[in-house]
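In this note's numbering, the protein residues as written are 20 to 268. Every residue gets a Cβ at the ideal spot worked out from N, C-alpha and C, and that includes glycine. Inspection log for the structure reproduced underneath, given as structure tokens.
Here it is as structure tokens:
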């Protein structure tokens with residue numbers, strides 16, 4: 020069942036989103052060769068605490084960390100660790116913030132030092148794909164319109180869209196209906212309605228879209244070892260169009 024949110028609930032989630040967006044802006048300043056994702060993890064934990072918020076994914080289904088930190092060929096759900104990032108790496112930091120019971124979810128990919136042209140193109144296309152999906156998130160459209168816009172753009176740029184991990188509704192818990200694939204056919208899927216709140220979070224690969232799982236049971240990687248990027252926002256559907264609750268200002 021899709022739970023429509025009241026204006027009051029959306030405003031509460033927006034406050035969580037503002038904290039999350041502010042945290043990502045600070046993370047961007049930290050990214051450089053030599054920093055570890057464990058240092059970023061500790062920073063996020065403290066930043067949220069200082070702002071009266073908590074990391075919702077810590078403890079979620081046994082997950083132990085405030086962030087997911089996915090490096091290079093890791094698509095999502097990478098564990099923070101003490102391995103220094105190096106020139107040419109990319110790292111995706113994904114987090115869910117709980118502020119007074121309201122949740123917001125956003126991932127952002129960061130380039131480390133000097134990037135190759137191929138990697139720069141991956142980041143550019145993935146971010147653009149997110150916003151093309153958001154453009155379709157209007158009342159009256161269908162969920163398939165979002166995925167179709169993302170897939171057709173990404174594939175026109177010679178890249179591929181991950182199928183195994185998708186966007187989702189969010190509210191009192193991290194994952195609600197509707198499911199929001201980043202691929203598919205226009206005019207298909209659930210009708211988008213005012214009051215829906217969900218994430219759009221395309222994961223885009225340089226190579227093939229298929230995934231494989233690490234032995235830890237969490238971390239997904241590209242099947243061919245090529246780089247993957249992800250950008251994610253939480254948005255609320257209003258009569259005037261989508262409002263991005265996690266927008267960085």
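I believe residue i touches residue j by the beta-carbon criterion, under 8 Å. Please report the beta-carbon distance rounded to the nearest angstrom.
i           : j           : result
residue 197 : residue 162 : 6 Å
residue 98  : residue 235 : 7 Å
residue 211 : residue 159 : 7 Å
residue 186 : residue 218 : 4 Å
residue 132 : residue 51  : 7 Å
residue 152 : residue 201 : 7 Å
Could you give the DSSP three-state label for residue i: helix, strand or coil?
i           : result
residue 164 : helix
residue 171 : helix
residue 229 : coil
residue 249 : strand
residue 192 : coil
residue 79  : helix
residue 200 : coil
residue 222 : strand
residue 184 : coil
residue 262 : strand
residue 213 : coil
residue 234 : coil
residue 285 : Nothing about residue 285 can be read from this structure; the chain reaches only from 20 to 268.
residue 21  : coil
residue 269 : No answer is possible for residue 269: the residues shown for the chain start at 20 and end at 268.
Exposed or buried, residue i, counting other C-beta atoms within 10 Å across all chains shown (16 or more means buried)?
i           : result
residue 49  : exposed
residue 111 : buried
residue 106 : exposed
residue 23  : exposed
residue 139 : exposed
residue 128 : buried
residue 224 : buried
residue 47  : exposed
residue 227 : exposed
residue 247 : buried
residue 191 : exposed
residue 259 : exposed
residue 243 : exposed
residue 270 : Past the edges of the chain, shown from 20 to 268, lies residue 270, and the structure says nothing about it.
Would you give the residue range spanned by the alpha helix (DSSP H) that residue i belongs to?
i           : result
residue 40  : 26 to 49
residue 151 : 136 to 154
Would you kindly report the start and end of the unbroken beta strand (DSSP E) that includes residue i?
i           : result
residue 61  : Unbroken run through residue 61 is the alpha helix (DSSP H), 56 to 69; no beta strand (DSSP E).
residue 117 : 109 to 118
residue 240 : 239 to 241
residue 93  : 93 to 95
residue 124 : 121 to 130
residue 85  : Element bounds for residue 85: n/a, residue is neither H nor E.
Does the beta carbon of residue i come closer than 9 Å to any beta carbon on chain B?
i          : result
residue 40 : Note that chain B does not occur in the displayed structure, where there is just one protein chain.
State whether the segment 122 to 132 contacts the segment 31 to 40, with contact taken as three or more CB pairs (one from each stretch) at a distance under 8 Å.
-> yes
Do the segment 181 to 198 and the segment 138 to 146 touch if we need at least three Cβ pairs shorter than 8 Å?
-> no
Three CB pairs or more closer than 8 Å across the segment 248 to 259 and the segment 54 to 69 | no
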